[in-house]
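J.: Dropping the structure in here first, questions after.
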Amino acid sequence: MSLLYEGKAKRVFNTEQEGVLRIEYKDEVTAGNGAKKDSMSGKGRLNNLITSKIFSILKQKGVESHFVEQISETEQLVRSVEIFPLEVVVRNVAAGSICKRLGFEKGHQFEQPLLELFYKKDELNDPLITDDHVALLNIATEEQLSTIKEQALNVNRVLSELMDDMNLILVDYKIEFGITEDGNILLADEISPDTCRIWDKETKENFDKDVYREDTGSLIDTYETFYKKLEEL
């Protein structure tokens, strides 16, 4: 198995199965586009276990992804897709950058989910872009973008219900999509406390990477507690 790609949080390997890749989750944690980074034992295991569980739940609810199966505590098999250079962010409650950009008060409940697109380009610091930018940059066709948006909102519906069952609030999250050789658009990458902002319903305590960004608690303990809640469903 040859290494195809190594990112901040994962390594991607070829496998002997055509169209199937192996993902290995790393123990590294970053924030601020890599400005802050550390290695934390057990972090890769938790992100893999959580993502595998969530992708499995999404499939049961009719949301397809590139996920095939979990093969170890830190590894999973996925379908090979070409990732769109887009970060799709869906916000249900105002928090983080949108409060700074648009002046929303933290905790403001949006009347409907707000979907934003960001261009995946590290050297440009992943800028916010519009549908017209997507077209001009040849990132996706109008039809593909429509499918991506529809799927992102379906993910929001299922994830919000899941978090509600865990007595949590899905504040916002970031997801990515890829396209298979035959043109099928699939949810890809991961869904974990690394890529979501999640609050306790009563205390508004964070169950996500903000505990690391803001130095308010143990990231490993937080993710472990979240995983236990997920397993109890």
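End of the sequence shown sits at 247 in the working numbering; the numbers just go up one at a time, nothing left out. Heads up, the beta-carbon is just placed ideally off N, CA and C, and yes, glycines get one too.
On the criterion of 16 or more Cβ atoms from any shown chain inside 10 Å, does residue 149 qualify as buried, or is it exposed?
T.: exposed
J.: Enumerate, from N- to C-terminal direction, the unbroken beta strand (DSSP E) stretches of 3 or more residues contained entirely within the segment 107 to 148.
T.: 123 to 133
J.: Does the beta-carbon distance from residue 134 to residue 101 come in below 8 angstroms?
T.: yes
J.: Which of the three DSSP states is assigned to residue 62 in this structure?
T.: helix
J.: Any idea which residues DSSP pairs residue 43 with across the strands?
T.: Per DSSP, 52.
J.: Could you pull out every residue in the same chain whose Cβ sits closer than 7 angstroms to the Cβ of residue 145, ignoring the five residues on either side in sequence?
T.: A distance below 7 angstroms between beta-carbons, with the five flanking residues on each side excluded, links residue 145 to the following residues of its chain, in chain order: 159.
J.: Need the endpoints of the beta strand (DSSP E) that residue 90 sits in, please.
T.: 89 to 93
J.: By the three-class DSSP mapping on this structure, what secondary structure does residue 154 have?
T.: coil
J.: In or out: residue 206 buried (at least 16 other Cβ within 10 Å) or exposed?
T.: buried
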